[in-house]
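Encoded as structure tokens, the structure appears first; notes follow it.
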Amino acid sequence: MSAPRPAAAWIDLGLLTACWASGFTFTAMALEGMSPEWVVVFRQLSATLMLIPLAFIFGKVTPIPRDLWAWLIALAIIGDVAPFYVISWGQQHIESGLTSILVTTMPLMTLAMAHIFVPGERMTARRLLGFVVGLAGVALIVGPEALTDIGVSEIEIIAQLAVLFGAILFAANAIIARKMPAMDIWMRAAMVNGLAFVIALPFAWSVVAPPASFPGWWSITGVVGTGIFASGLATVVYFRLIDEAGPTFMSMTNYLVPPVALVAGVVVLGESPSIWALLGLALILVGIAVAELKWRKSASE
């Protein structure tokens, strides 16, 4: 049997979940003063401005070999710029609850891709069962009624496929990050966010004009917050977690973000979770336990 996950991997899993969960609130704040295209631009800029000095302090800044540039550009496009735009476009035509469920298929896609492309990341029956149970838990938290929002019109089908494509891009990005040759994590995070900014800027400019006036401190706080936490710090933890525990383990953050949002709503906003949400939370925890906890084999095995 494989060894249990180190405690550091579980800590990083929780930290990455918290960073990505915060992105929903910060992004909502940012969108009150600027378009989605420019939120991406300023988010990546904020992350880059934070990571560059930290790379000099904590990382090992060296010239980047030519063979690594293609990897960095791929991570910037496949993991940052492209999924945001295709998912944002798809969400304009389908309900947000259905979008959440479609995006949360990413761990299953990562599990399948890792089985093929990453040595040692095998798709066992127990792990597959755990991931399916976790996905069912997310569906319950979002609300079973979200599944009734599956559309059959041409635009709805295309939108649903676009969101699924975004989930595929996220899964592929995790595999690319695992297969990439060794590089200092701080440098890698700074370069990926910087390249994403360079790629997103001309695209945003061609689609919609930049904000004509100051968007307001609320919106600025949101875009800087999502840049620092959901892009900057999250990218560092993301690469570290994939390096130490693999892409499949990292992908479980998709199952943990909805419960974090659920708990935050109860603690911060005083919301009362539904029985479906509580059952969903229980299913997610059971799914993770089935997929990751190492069970003692009996003497007859």
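Per the numbering used here: the sequence shown = residues -16 to 284.
For glycine and all other residues, C-beta sits at the position ideal for the given N, C-alpha and C.
These numbers come from a predicted model, not from an experiment.
Cutoff 8 Å; reference residue i; Cβ partners in own chain excluding five residues on either side
i	result
Arg323	Residue coverage of the chain in this structure runs from -16 to 284, which leaves residue 323 outside it and unanswerable.
Ile124	Pro241, Pro242, Leu245, Trp259, Ala260, Gly263, Leu264, Ile267
Ile211	Ser29, Ala30, Met33
Ile138	His76
Ala11	Gly205
Val175	Leu55, Leu58, Ala59, Gly62, Asp63, Thr218
Thr0	Thr236, Leu239, Val240, Val243
Length of the line joining the Cα atoms of residue i and residue j
i	j	result
Met33	Ser136	44 Å
Leu81	Met89	14 Å
Leu152	Met96	11 Å
Gly335	Val44	As shown, the chain starts at -16 and ends at 284. That puts residue 335 outside it, with no answer to give.
Val269	Arg109	12 Å
Met106	Ala122	22 Å
Ile56	Gly253	43 Å
Val220	Trp188	30 Å
Pro36	Pro164	23 Å
Pro46	Ala172	15 Å
Arg(-12)	Glu104	13 Å
Ile40	Val115	42 Å
Ile141	Leu118	22 Å
Pro185	Pro48	26 Å
Cut-off 7 Å between Cβ atoms - residues of its own chain near residue i, not counting five sequence neighbours on either side
i	result
Ile182	Ala59, Ile60, Val64
Trp3	Ala213, Ala217, Thr236, Val240
Pro198	Gly16, Met17
Ala150	Leu85, Val86, Thr88, Met89, Met92
Ser202	Met12, Ala13, Glu15, Gly16, Met17
Ala(-9)	Glu227
Pro256	Leu245, Val249
Ala38	Val44, Trp169, Met170, Ala173
Own chain, CB closer than 6 Å to residue i, minus 5 neighbours either side, in chain order
i	result
Val23	Phe67, Ala183
Ser83	Val125
Gly(-3)	none
Pro230	Thr93, Ala97, Ala157, Ile158, Arg161
Phe180	Gln27, Leu28, Thr31
Rounded distance between the beta-carbons of residue j and residue i, thought under 8 Å
i	j	result
Gly120	Ala274	Contact doesn't hold; Cβ gap of about 12 Å is too wide.
Ala13	Gly177	That pair is no contact at about 19 Å.
Glu20	Val191	5 Å
Met170	Gly42	5 Å
Val69	Phe9	Not a contact, Cβ separation roughly 21 Å.
| Do the stretch 149 to 168 and the stretch 83 to 102 meet, that is, are 3 or more Cβ pairs less than 8 Å apart? | yes
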